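What follows is one structure encoded as structure tokens, with my remarks underneath.
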Amino acid sequence: MHQMSRALFAACLMASVSVAQSVTAQDSLLPEPLERDEISLSTPPLELPTLQEPDESRAPTFEGSLLEFEVAEDDPNNDWQLFREGRMAELYARFVSRQQDDPGWQPAPGLLSEMQAADTRLRISNAVSVKQYQLAERLLRENPQLLTCEHAWLGWPAVLAFAGVHDVQQATALAERLITKCNLPRSEVRDGLLRVANQAPPHVADAILARLSPALSLDLRRAMARRIALTRIADWSAQQTVEYERREREAGHEVNVEHLFPEIPPEQSVLDAVRLIESNVGWVGSNERYTLAWYFYNNGQPDEAVRYFAMAGPSETMQTRRDFALGETLSRIQARQFVEAEAVWPRLHSQGGPMPRTEASYPLAATNLVSHTRRRRDDPLYAGIWSLPADARTRIEQLARDLNNADLFQQLGWLEQRKHNCGGAIAWFEQALDTDPQHEEAAWGLANCYHAENKMALLAALRLKWANTSFRISGMVPDGVSALFTLPDARPGSFDGMIYLPPVTGAALKELILKAPPPPPSLEDADETVAETTSTQRSSQRRGTRSSNSSGRSCQPGASPGNMSPRQAVAHGWCMLELNRPIEALAAFERAGRSSSQNTRAEAARGREIALQRKGLSGAASTQVSQPAASSQASSGSLIDQAVAAHNAGQYRRAVDLFNQLAQQGRPMSLGLVVLRGWSYYNLGQRETARNLWRTAAQAGSSEAADALSKMGG
Amino acid sequence: MTRFVPALLVAALGLFANVARAQETPTRAADLFGMQYRGSLTDREWQSFATRFMTDDGRIKDTANGSMTHSESQGYGMLLAWMAGAAPDFERIWHFTRTQMLVRDDGLVAWSWKEDNVPHIADVNNATDGDVLIAYALILAGAEWQRTDLYASGVELMGAVRDRLVISHPSFGTVIMPGLYGFENDGLIVNPSYWIDEAFMTFAVIDPEGPWSQLVASGDAIIAAANRATGGSLPPEWVLLPAEGGVAPAVTMPNAFGYNAIRVPLYQIRAGRAPDQGVAQMINRAGELVITEPNGNRKALSGAGYRALARLIACAAGLAPTVGTNNALPEDDYYPEALRLLAVSASRVTLQATCALGRE
Chain E
27 MHQMSRALFA ACLMASVSVA QSVTAQDSLL PEPLERDEIS LSTPPLELPT
77 LQEPDESRAP TFEGSLLEFE VAEDDPNNDW QLFREGRMAE LYARFVSRQQ
127 DDPGWQPAPG LLSEMQAADT RLRISNAVSV KQYQLAERLL RENPQLLTCE
177 HAWLGWPAVL AFAGVHDVQQ ATALAERLIT KCNLPRSEVR DGLLRVANQA
227 PPHVADAILA RLSPALSLDL RRAMARRIAL TRIADWSAQQ TVEYERRERE
277 AGHEVNVEHL FPEIPPEQSV LDAVRLIESN VGWVGSNERY TLAWYFYNNG
327 QPDEAVRYFA MAGPSETMQT RRDFALGETL SRIQARQFVE AEAVWPRLHS
377 QGGPMPRTEA SYPLAATNLV SHTRRRRDDP LYAGIWSLPA DARTRIEQLA
427 RDLNNADLFQ QLGWLEQRKH NCGGAIAWFE QALDTDPQHE EAAWGLANCY
477 HAENKMALLA ALRLKWANTS FRISGMVPDG VSALFTLPDA RPGSFDGMIY
527 LPPVTGAALK ELILKAPPPP PSLEDADETV AETTSTQRSS QRRGTRSSNS
577 SGRSCQPGAS PGNMSPRQAV AHGWCMLELN RPIEALAAFE RAGRSSSQNT
627 RAEAARGREI ALQRKGLSGA ASTQVSQPAA SSQASSGSLI DQAVAAHNAG
677 QYRRAVDLFN QLAQQGRPMS LGLVVLRGWS YYNLGQRETA RNLWRTAAQA
727 GSSEAADALS KMGG
Chain X
322 MTRFVPALLV AALGLFANVA RAQETPTRAA DLFGMQYRGS LTDREWQSFA
372 TRFMTDDGRI KDTANGSMTH SESQGYGMLL AWMAGAAPDF ERIWHFTRTQ
422 MLVRDDGLVA WSWKEDNVPH IADVNNATDG DVLIAYALIL AGAEWQRTDL
472 YASGVELMGA VRDRLVISHP SFGTVIMPGL YGFENDGLIV NPSYWIDEAF
522 MTFAVIDPEG PWSQLVASGD AIIAAANRAT GGSLPPEWVL LPAEGGVAPA
572 VTMPNAFGYN AIRVPLYQIR AGRAPDQGVA QMINRAGELV ITEPNGNRKA
622 LSGAGYRALA RLIACAAGLA PTVGTNNALP EDDYYPEALR LLAVSASRVT
672 LQATCALGRE
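Residue numbers (the working numbering), protein chains in the order written: chain E, 27 to 740; chain X, 322 to 681.
The following block contains the structure:
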């Protein structure tokens, strides 16, 4: 009996759907009855709750009694009251409970069907709110009776659902019916249309606007047109980002700013949209200015972008002003207005904004400023920006100390050196080396200053220390003028890599500002004629053609890498590989992998990978380290080379792609490579991924991964 | 096998537009594997859970995570309510689930719902364990209570899981993805705790041509391979399956034997099997479950829920009995309490002779 009552309840649930359809189909604003002229508003007083209907733009009229009396639990009026309050889950629970107690119990006539209709409306609305338009459209087609003027709050989500599945005809027809047949308040029409303009594809919104124009006031037509224009511009910016990322993947490296803009020339409709917004910009709000500003930024028009970003006045909220300040900073960097870019955040701070150092884009601006200040004052591209304002300098020095940033320290050192203040420069270079003992650029600056200050004993000690790791330092001639001593002589273009500003949309912004600034470029590397190669090139030399550099080195099997410096360990590792002693090579590279120098770690990782491969090879393995035996190994070896080289060159996206390719080949990576992969992600601002990689490597015993985690704070 | 199909069930099936193919061959309720858990929790046990974690509108709050709601919590809520015979509360939870979270185009459940978010769905992606739990609970409730609407919804969701989340892997055969997106990175990333075998074995009765039996087998193989790869230490809960075979930690996910992983032996026991051999690593001398954190540190879980699960696992594995309370403590959060009730019900059903946990 009990079972049967549940079955009856179930049947009632099922049947109520068709009952609801038959009762209310004549009221629908959807498919079949769409062309009906009359719309009955005689639906029972069942206006639904607001709490669970996030998309409702109109508060429903409360249709229950304003008097409250205690109502018996089993009173059907109580159920209707619960329904009106939207407490549907409780009602369903009550029904089940009552049927458990009384198998013959039935809900009040019509109530169950109304509950189901309300549920479906709610589900449609919720689906649209997360852009699940297919589900919403399907439910609407299956239940056209649900959408009546009585439930016009669902009308705009329904329009969006049809727009989302590109059913322009249905979307426009429904919007028209809502406006012409439902006698909606003007504010509700306005809100609905603007919502459609915000969220629907612009071509659908355009069609709706065109169809409705005769029925709309001029103000409303203009408002909707502007909103559609803004959506169109924002969509273009988003496409720009996607296209940029695609091109970057294809190019295999980060794309310099000069080659970036514009990726996709804006279509005429976008240009028209920009013109429309610009023509009203005097009185439109910050949202319009913000959208326009990013458009210009993404379109390679930084001066225009700056103009709009600079419009955030004191009347805006601080969050808005922060958003604008970020855009202004990036735009001014793009425009090569480095002094002004650095000053944006301090200016906002003076007006009650955040501390500059807490903003991710400030170090980017500071690094660009201080590095470009090193340029020659007669460089036509940078005329006028060579000097560093005193207040900016104070701020940047403080930033360097706050961040304990070796790169900034050494940049400040070069700044002093350019001013022939080697005393001051030495202090900065030493601070850089205290922070990162393997910072070769800082050591090179230090060597220059020791020479300039005639501190030959210190210079000699420095040369000795860097004997195996820096040709330019160890090759310095203490008693004569060497080409190596020529002060940096930058050529225009050699700094191109410094400015890395991808296109920005709101969504991409967060990731962008997390991106660490690229390492400062070495002027000397670009200009020196003495062959100081990148670490990867050095690796290749040592792997492939045995260079004369190594001939004088001790290459004794059995030596303990634990007593070697990281660079000595690297050199020893390559020696052992040449002797086809991969196990000893592995130990040496493991030692080198604990270096604090990124380059040394990278080289160690690469060597370790080869050593691991060699360990797995047969006795007939090639003794030529650079030519692994199997083609797949050759392939992965090549990928490793490329990945490490990309990483060393600061092309972190390319490095990540190559590491991913390597992983997709299914070849196990050495711990060192996993760590390096982590650094690549880290430098792209994907710190959580980096952290996960390091955790994995640390758990497998990598001390360098543990170090990295420790530096990262866990 | 005699096939018994409630008349009403058959009659009602035709009303649904998107009836999965498996629905055409419904079987006798008692044949469903999960049906053995019917009545395996008391009303008092359920009320203890519901009072603390269920809202009036049927939302199960994860109290350890800002009282957010996810498809897993809804699925556990529905399953526990069904096991306790709490049909009204089941109805509440299902109402919330279908109107608020079953809103994806593909028929899967959006996994994350937050009260303060606008819209409330904080992430429209799915989480497969939640989908499976909800489908499983719907099928059991629909079959037992002869509620065709519940049954059909469960079968439909099961079909969505089968069609979208179950894929073929060159080494492990049929496997299940943890979610529709985001888990193919250097291979396929899986989570063994998403292998809810009792649900798969139930689905296999309804959908005998489906992949469910193969899934049970592949889950065992993956767990065994992960244990072998870690050489006896606790394996990571997120496992990478490279195309050419073997297993590896999924580097893009936390590398830990964490809160997810402790469900693996629970599900094995609930599916009527001895827990995996590696479980001895999971329980310390104090009788506490042990997890590893991403930094490698081991951490003992001392709450009542975790204690109960530890006792169940130790008993089922033939380890020394552990001590501890079986009763929920007020400070227990949603997750350990849900696991405690699953453990209690398992002790009554699959290990009734040896491992009584649920004395009230």
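Glycine included, each C-beta is placed from N, C-alpha and C at the ideal position.
Just so you know, these numbers come straight off a predicted model, no measurement behind them.
With residue i as the anchor, note down where its alpha helix (DSSP H) starts and where it stops.
| i | result |
| --- | --- |
| X:T573 | Note, X:T573: premise wrong, no alpha helix (DSSP H); not H, not E. |
| X:I517 | Unbroken run through X:I517: none, as it is neither H nor E. |
| E:L719 | 713-725 |
Rounded to a whole number of angstroms, what is the C-alpha to C-alpha distance between residue i and residue j?
| i | j | result |
| --- | --- | --- |
| X:P513 | E:R113 | 38 Å |
| E:A734 | X:N616 | 12 Å |
| E:L244 | E:L238 | 11 Å |
| X:R359 | X:S666 | 9 Å |
| X:G579 | E:V670 | 33 Å |
| E:R110 | E:M141 | 10 Å |
| E:M738 | E:S706 | 14 Å |
| X:P570 | X:V511 | 10 Å |
| E:E714 | E:Q464 | 26 Å |
| E:E679 | E:Q712 | Reading the sequence as shown, one finds Arg at residue 679 of chain E and not Glu. Distance between the alpha carbons of E:R679 and E:Q712 is about 11 Å. |
| E:E610 | E:S591 | 16 Å |
| X:L610 | X:R594 | 20 Å |
| X:R349 | E:R253 | 58 Å |
| E:A473 | E:L429 | 25 Å |
| E:N494 | E:T626 | 12 Å |
Reducing DSSP to helix, strand and coil, say where residue i ends up.
| i | result |
| --- | --- |
| X:E614 | coil |
| E:T346 | helix |
| E:S591 | coil |
| X:A667 | helix |
| E:E293 | coil |
| X:D383 | strand |
| X:I527 | helix |
| E:S397 | helix |
| E:W492 | coil |
| E:V194 | helix |
| E:L219 | helix |
| X:V560 | strand |
| E:T87 | Any reading at E:T87 must be qualified, since the residue scores a pLDDT of 46, below 50, and its modelled position is unreliable; the value itself is stated next. Of the three classes helix, strand and coil, the one that applies to E:T87 here is coil, per DSSP. |
| E:M738 | helix |
| X:V511 | strand |
If you follow the beta strand (DSSP E) that residue i is in, where does it begin and where does it stop?
| i | result |
| --- | --- |
| X:R606 | No beta strand (DSSP E) contains X:R606, which DSSP labels as neither H nor E. |
| X:H490 | 487-490 |
| X:T495 | 494-497 |
Please state if the CB of residue j and the CB of residue i are separated by a distance shorter than 7 Å.
| i | j | result |
| --- | --- | --- |
| E:A115 | X:R669 | no |
| X:L362 | X:M404 | yes |
| E:A187 | E:E214 | no |
| X:P409 | E:A119 | yes |
| X:M479 | X:F417 | no |
| X:P596 | X:A545 | no |
| E:V194 | E:A251 | no |
| E:S312 | E:T257 | no |
| X:G626 | X:L660 | yes |
| E:A255 | E:L302 | yes |
Rounded to whole angstroms, how far is the Cβ of residue i from the Cβ of residue j, which I believe are closer than 8 Å?
| i | j | result |
| --- | --- | --- |
| E:L172 | E:T206 | Rounded, the Cβ-Cβ distance is 20 Å, inconsistent with contact. |
| E:V185 | E:L166 | That belief does not hold up - the Cβ atoms of E:V185 and E:L166 are roughly 10 Å apart, past 8 Å. |
| E:T355 | E:A367 | 5 Å |
| X:W367 | X:A402 | 6 Å |
| E:G181 | E:L204 | 4 Å |
| E:S151 | E:P183 | 5 Å |
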